[in-house]
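Residue numbers (my numbering): 192 to 383.
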């Protein structure tokens with residue numbers, strides 16, 4: 192090219208590529224912002240740094256699983272799949288609050304931790320499973336779309352919803368029981 196010649200790629204392809212890049216950056220920024228806000232709100236809600244950190248584990252796990260599935264199956268981060276993490280976090284936080292609030296309120300009322308979890312499962316567990324089933328069924332309808340990004344969005348969001356349910360009903364209580372056992376052991380050692 193002659194010196195001083197300047198050029199720039201133009202056209203619809205360039206516009207769509209720029210839009211997708213901006214969308215993905217915006218979605219990642221909003222995801223981190225949402226996670227920070229959720230952490231702050233949980234910190235205010237539980238008034239405990241440990242409880243807020245504990246409740247973030249089942250909220251971050253579905254996002255990690257979704258990105259692992261995307262990597263394993265070679266699904267690109269595009270306009271539709273960029274929104275999945277935000278949707279999964281928004282729904283997972285509801286499930287976490289149901290389960291953890293049920294557990295904490297029962298423990299504060301004097302119920303032993305194991306019984307508190309069992310009672311929480313009998314009440315909040317039903318609600319969490321029902322909402323996950325209904326929302327997942329609605330997102331699964333998108334799989335029938337011939338437009339690949341929409342189809343991927345439906346499938347991955349459903350996977351994220353079920354992952355959030357599993358992490359809220361299995362991982363969160365397991366961590367709670369582990370921490371309870373550790374705290375009980377430390378308390379017994381101090382009194383002995």
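Glycine included, each C-beta is placed from N, C-alpha and C at the ideal position.
Just so you know, these numbers come straight off a predicted model, no measurement behind them.
Buried versus exposed, by CB contacts within 10 Å (16 or more), residue i
{"i": "residue 374", "result": "exposed"}
{"i": "residue 282", "result": "buried"}
{"i": "residue 359", "result": "buried"}
{"i": "residue 335", "result": "exposed"}
{"i": "residue 284", "result": "buried"}
Cα-Cα separation between residue i and residue j, rounded to whole angstroms
{"i": "residue 287", "j": "residue 254", "result": "14 Å"}
{"i": "residue 370", "j": "residue 237", "result": "16 Å"}
{"i": "residue 257", "j": "residue 206", "result": "28 Å"}
{"i": "residue 223", "j": "residue 231", "result": "12 Å"}
{"i": "residue 289", "j": "residue 202", "result": "50 Å"}
{"i": "residue 313", "j": "residue 204", "result": "53 Å"}
Three-way DSSP call (helix, strand, coil) for residue i in this model
{"i": "residue 270", "result": "coil"}
{"i": "residue 297", "result": "helix"}
{"i": "residue 302", "result": "coil"}
{"i": "residue 198", "result": "coil"}
{"i": "residue 193", "result": "coil"}
{"i": "residue 252", "result": "helix"}
Proximal residues to residue i (C-beta, below 7 Å), its chain only, five neighbours per side dropped
{"i": "residue 234", "result": "240, 243"}
{"i": "residue 294", "result": "307, 308, 311, 367"}
{"i": "residue 349", "result": "327, 330, 331"}
{"i": "residue 225", "result": "277, 280"}
{"i": "residue 252", "result": "354, 358, 362"}
Beta-carbon contacts of residue i that lie in its chain and below 8 Å, excluding the five residues immediately before and after
{"i": "residue 266", "result": "260, 272, 343, 347"}
Indicate whether the contact test is met: 3 or more Cβ pairs, each with one atom in the stretch 215 to 232 and one in the stretch 269 to 284, closer than 8 Å. At 8 Å Cβ cutoff, the stretches touch.
Under 8 Å: do the stretch 334 to 342 and the stretch 303 to 319 share three or more Cβ pairs, one atom per stretch? No, because fewer than three Cβ pairs between the stretch 334 to 342 and the stretch 303 to 319 fall closer than 8 Å, the two stretches do not touch.
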